[in-house]
Amino acid sequence: MHKTSARLLALLSLLQTPRDWSGDDLAERLGITSRTVRRDIDRLRELDYPIKTLKGPAGGYRLEAGTRLPPMLFDDGQAVALAVALQTAAAGTTVAEDAGRALATLRQVMPPRLRHRIDLLHLTAVQPPATAGDAHPVDAQVLTDLSRALHAREELRFDYALGPGASAGDVRRAQPHHLVTWRHRWYLVAWDLHREDWRTFRVDRIRPRTPTGPRFTPRDLPGGSVSAFITSRFRGNDGTTTDWPCRGEVVLRLPAAEVAPFAQDGIVEELGPRHCRLFLGSWSWTGLAAAIGRFDTDVEVIAPPQLSTAFGELADRYARAARTASP
Numbered sequence: 135m136h137k138t139s140a141r142l143l144a145l146l147s148l149l150q151t152p153r154d155w156s157g158d159d160l161a162e163r164l165g166i167t168s169r170t171v172r173r174d175i176d177r178l179r180e181l182d183y184p185i186k187t188l189k190g191p192a193g194g195y196r197l198e199a200g201t202r203l204p205p206m207l208f209d210d211g212q213a214v215a216l217a218v219a220l221q222t223a224a225a226g227t228t229v230a231e232d233a234g235r236a237l238a239t240l241r242q243v244m245p246p247r248l249r250h251r252i253d254l255l256h257l258t259a260v261q262p263p264a265t266a267g268d269a270h271p272v273d274a275q276v277l278t279d280l281s282r283a284l285h286a287r288e289e290l291r292f293d294y295a296l297g298p299g300a301s302a303g304d305v306r307r308a309q310p311h312h313l314v315t316w317r318h319r320w321y322l323v324a325w326d327l328h329r330e331d332w333r334t335f336r337v338d339r340i341r342p343r344t345p346t347g348p349r350f351t352p353r354d355l356p357g358g359s360v361s362a363f364i365t366s367r368f369r370g371n372d373g374t375t376t377d378w379p380c381r382g383e384v385v386l387r388l389p390a391a392e393v394a395p396f397a398q399d400g401i402v403e404e405l406g407p408r409h410c411r412l413f414l415g416s417w418s419w420t421g422l423a424a425a426i427g428r429f430d431t432d433v434e435v436i437a438p439p440q441l442s443t444a445f446g447e448l449a450d451r452y453a454r455a456a457r458t459a460s461p
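Pasting the structure below:
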């Protein structure tokens with residue numbers, strides 16, 4: 135019995151690899167006959183593992199998804215990776231409670247050697263400071279409803295709140311294309327049927343309506359990928375390019391080593407012990423000038439003229455603000 139159980143576990147471990155296995159391959163790997171492989175496959179099926187028999191000259195087997203989650207096997211590396219991922223997800227995410235319970239279940243059945251490794255890898259995921267928008271977390275059921283419509287390629291009808299905490303808003307119709315996270319918030323990327331344009335909707339402001347609409351044929355997303363589209367939109371572009379709409383070149387009277395850690399996605403070029411060149415982008419010329427001003431040093435604008443103009447406008451604005459300050 136012990137030998138049979140060990141063989142079944144070894145067979146299950148092989149079948150969990152995402153590939154098709156011929157009976158001869160399994161027999162060779164396990165050191166048994168093809169007849170024994172067929173018997174063991176039947177035993178696993180009795181335990182509700184959905185193993186499909188593949189037709190063809192060579193035949194074979196594949197482990198598929200079933201109607202419920204059967205027991206699974208993980209090697210040491212997979213178990214540690216899963217535990218680390220669950221620890222990260224258990225800190226301030228939408229599925230935090232479920233992730234915490236899953237981690238506790240996984241740790242309970244781990245052998246001592248792996249449990250010790252997990253304890254050494256105890257993580258603390260530090261979340262960014264809370265903002266007004268973070269006070270309204272995403273409902274897991276809303277994520278499930280949106281995901282179902284995405285998979286079925288069905289139009290969505292939903293109420294969309296006008297701002298954080300708002301109870302009412304517009305009724306929208308859209309063709310959902312992607313669910314994405316950006317800086318710890320969930321967004322739905324969709325084709326807005328009323329505005330006939332691409333939009334990104336905050337998921338915490340969405341309240342889906344039922345039933346969903348008709349099926350649709352997916353459109354091509356600008357930029358070629360959801361990553362490029364989202365990056366472009368949040369940089370103030372139309373979704374077709376990830377470049378900042380406003381880019382400038384300046385010389386700062388600071389060492390390159392002091393500028394580089396705070397340049398984000400800018401390019402810093404060393405010009406001397408106390409000078410460096412900075413290429414930086416932003417969503418507007420005023421925003422770019424303000425970002426460069428945070429380095430708190432003398433600035434020489436190299437290009438373009440719009441950046442010089444923005445510095446002048448900011449200087450006038452700050453001068454007026456200084457005159458209105460209380461003595």
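Residue numbers (the numbering used here): 135 to 461.
Note that CB positions come from ideal geometry on N, CA and C, so glycine has one too.
Under the rule that 16 or more other beta-carbon atoms within 10 Å means buried, what is residue i, buried or exposed?
{"i": "residue 310", "result": "buried"}
{"i": "residue 316", "result": "exposed"}
{"i": "residue 416", "result": "buried"}
{"i": "residue 426", "result": "buried"}
{"i": "residue 401", "result": "exposed"}
{"i": "residue 279", "result": "buried"}
{"i": "residue 296", "result": "exposed"}
{"i": "residue 306", "result": "buried"}
{"i": "residue 463", "result": "As displayed, the chain neither begins before 135 nor continues past 461, which places residue 463 out of reach and without an answer."}
{"i": "residue 391", "result": "exposed"}
{"i": "residue 143", "result": "exposed"}
{"i": "residue 429", "result": "buried"}
{"i": "residue 190", "result": "exposed"}
{"i": "residue 406", "result": "exposed"}
{"i": "residue 135", "result": "Caution is warranted here: a pLDDT of 47 is assigned to residue 135, below 50, making its placement in the model unreliable, and no coordinate value can be reported."}
Straight-line CA distance for residue i to residue j?
{"i": "residue 404", "j": "residue 387", "result": "11 angstroms"}
{"i": "residue 323", "j": "residue 152", "result": "30 angstroms"}
{"i": "residue 422", "j": "residue 360", "result": "26 angstroms"}
{"i": "residue 293", "j": "residue 312", "result": "18 angstroms"}
{"i": "residue 214", "j": "residue 334", "result": "35 angstroms"}
{"i": "residue 434", "j": "residue 231", "result": "52 angstroms"}
{"i": "residue 163", "j": "residue 253", "result": "34 angstroms"}
{"i": "residue 343", "j": "residue 291", "result": "5 angstroms"}
{"i": "residue 339", "j": "residue 272", "result": "8 angstroms"}
{"i": "residue 452", "j": "residue 240", "result": "57 angstroms"}
{"i": "residue 447", "j": "residue 418", "result": "13 angstroms"}
{"i": "residue 186", "j": "residue 168", "result": "16 angstroms"}
{"i": "residue 368", "j": "residue 171", "result": "55 angstroms"}
{"i": "residue 355", "j": "residue 375", "result": "12 angstroms"}
{"i": "residue 329", "j": "residue 277", "result": "24 angstroms"}
{"i": "residue 413", "j": "residue 380", "result": "11 angstroms"}
{"i": "residue 456", "j": "residue 350", "result": "57 angstroms"}
{"i": "residue 357", "j": "residue 363", "result": "5 angstroms"}
{"i": "residue 352", "j": "residue 174", "result": "44 angstroms"}
{"i": "residue 198", "j": "residue 150", "result": "9 angstroms"}
{"i": "residue 331", "j": "residue 247", "result": "55 angstroms"}
{"i": "residue 411", "j": "residue 371", "result": "25 angstroms"}
{"i": "residue 281", "j": "residue 432", "result": "51 angstroms"}
Closest to residue i by C-alpha separation, out of the options, would be which residue?
{"i": "residue 148", "options": "194, 189, 434", "result": "194"}
{"i": "residue 463", "options": "138, 180, 176", "result": "What is shown of the chain runs 135 to 461, which leaves residue 463 out entirely."}
{"i": "residue 234", "options": "248, 160, 219", "result": "219"}
{"i": "residue 208", "options": "196, 159, 146", "result": "146"}
{"i": "residue 211", "options": "410, 442, 244", "result": "244"}
{"i": "residue 251", "options": "275, 276, 216, 285", "result": "216"}
{"i": "residue 95", "options": "305, 286, 339", "result": "Residue coverage of the chain in this structure runs from 135 to 461, which leaves residue 95 outside it and unanswerable."}
{"i": "residue 420", "options": "450, 397, 330", "result": "450"}
{"i": "residue 283", "options": "197, 346, 395, 180", "result": "346"}
{"i": "residue 288", "options": "321, 314, 325, 304", "result": "325"}
{"i": "residue 237", "options": "221, 395, 352", "result": "221"}
{"i": "residue 308", "options": "314, 327, 160, 176", "result": "327"}
{"i": "residue 304", "options": "341, 409, 174", "result": "341"}
{"i": "residue 398", "options": "319, 378, 320", "result": "378"}
{"i": "residue 444", "options": "432, 424, 431, 458", "result": "424"}
Helix, strand or coil for residue i? Go by DSSP, reduced to three states.
{"i": "residue 440", "result": "helix"}
{"i": "residue 328", "result": "coil"}
{"i": "residue 396", "result": "helix"}
{"i": "residue 246", "result": "helix"}
{"i": "residue 187", "result": "strand"}
{"i": "residue 378", "result": "coil"}
{"i": "residue 293", "result": "strand"}
{"i": "residue 420", "result": "helix"}
{"i": "residue 199", "result": "coil"}
{"i": "residue 193", "result": "coil"}
{"i": "residue 373", "result": "coil"}
{"i": "residue 309", "result": "strand"}
Near residue i, what residues of its chain come up, given a Cβ to Cβ distance below 8 angstroms and the 5 sequence neighbours on each side ignored?
{"i": "residue 154", "result": "188, 194, 195, 196"}
{"i": "residue 454", "result": "none"}
{"i": "residue 157", "result": "168, 171, 172, 193, 194, 195"}
{"i": "residue 458", "result": "none"}
Once the 5 residues before and after residue i are set aside, which same chain residues still bring their CB inside 7 angstroms of it?
{"i": "residue 436", "result": "383, 384, 385"}
{"i": "residue 394", "result": "402"}
{"i": "residue 249", "result": "241"}
{"i": "residue 439", "result": "none"}
{"i": "residue 91", "result": "The structure shown does not extend to residue 91, since the chain is modelled only from 135 to 461, so the question has no answer here."}
Can you find a heavy atom of the ligand FAD that lies under 6 angstroms from the Cβ of residue i?
{"i": "residue 150", "result": "Only the bare structure without any ligand can be found here, which leaves the ligand FAD out of the picture."}
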